[in-house]
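Inspection log for the structure reproduced underneath, given as structure tokens.
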């Protein structure tokens, strides 16, 4: 059975390696990984070292399979990385549900997340879990030292009441 818990400071390198493997798997075929590998490795390690308190980990039998984060501890999910050997086994779903619960528990009505506009697998996963594309943008990524085309997705977490009529959306 999978266990979800907070990350520990001593796991930063392991989490960075998982993020790196997941990132390489996600961008294979449409980004020259070789050109960006060093920047991506530095970005993952820097993030996991400095932000471990914002990271939730999914593990199976004591082995870390995936991690997710809310870097600013607001309603934005900044990271969701599942090690390729553990993909399609429910770890992403568990982490997403955990973060959504945390976001809703803080009183936010919606959760947001961004991904690369060509990351069709992530977009499909998020749509399957109730997210809808809300915006598209190209912005400078200092971690990768280049512009990145992203899509922002939003999920309503709490039902909306409109003029006394209850509605799920």
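Numbering (our numbering), first residue to last: 1488 to 1656. Where is the CB? At the ideal position from N, CA and C, for every residue including glycine. In this text the structure is predicted, and so the values were computed from the model without any measurement.
Taking residue 1532 as the reference, give the member of 1515, 1541, 1501, 1555 with the closest Cα. 1501
Rounded to whole angstroms, what's the CA-CA distance from residue 1617 to residue 1642? Just pull it up for me. 6 Å
List the endpoints of the continuous beta strand (DSSP E) containing residue 1560. Unbroken run through residue 1560: none, as it is neither H nor E.
Should residue 1625 be labelled buried (16 or more other beta-carbon atoms within 10 Å of its own) or exposed? exposed
Which value, in whole angstroms, describes the spacing of the CA atoms of residue 1621 and residue 1490? 32 Å
Jot down the residue ranges of each uninterrupted beta strand (DSSP E) in the region 1518-1553, minimum 3 residues, whole runs only, in chain order. 1542-1547
Continuous alpha helix (DSSP H) stretch holding residue 1615: start and end: 1607-1615
With a threshold of 7 Å between beta carbons, is residue 1641 in contact with chain B? Absent here is chain B; the protein component of the structure consists of one chain.
Measure the CB-CB distance between residue 1570 and residue 1508 and report whether it falls below 7 Å. yes
Contact defined as beta carbons within less than 8 Å: I believe residue 1578 pairs with residue 1556. What is the distance between those atoms, to the nearest angstrom? 14 Å between Cβ atoms; not a contact.
Would you call the region 1577-1591 in contact with the region 1547-1555, where contact means no fewer than 3 C-beta pairs closer than 8 Å? yes
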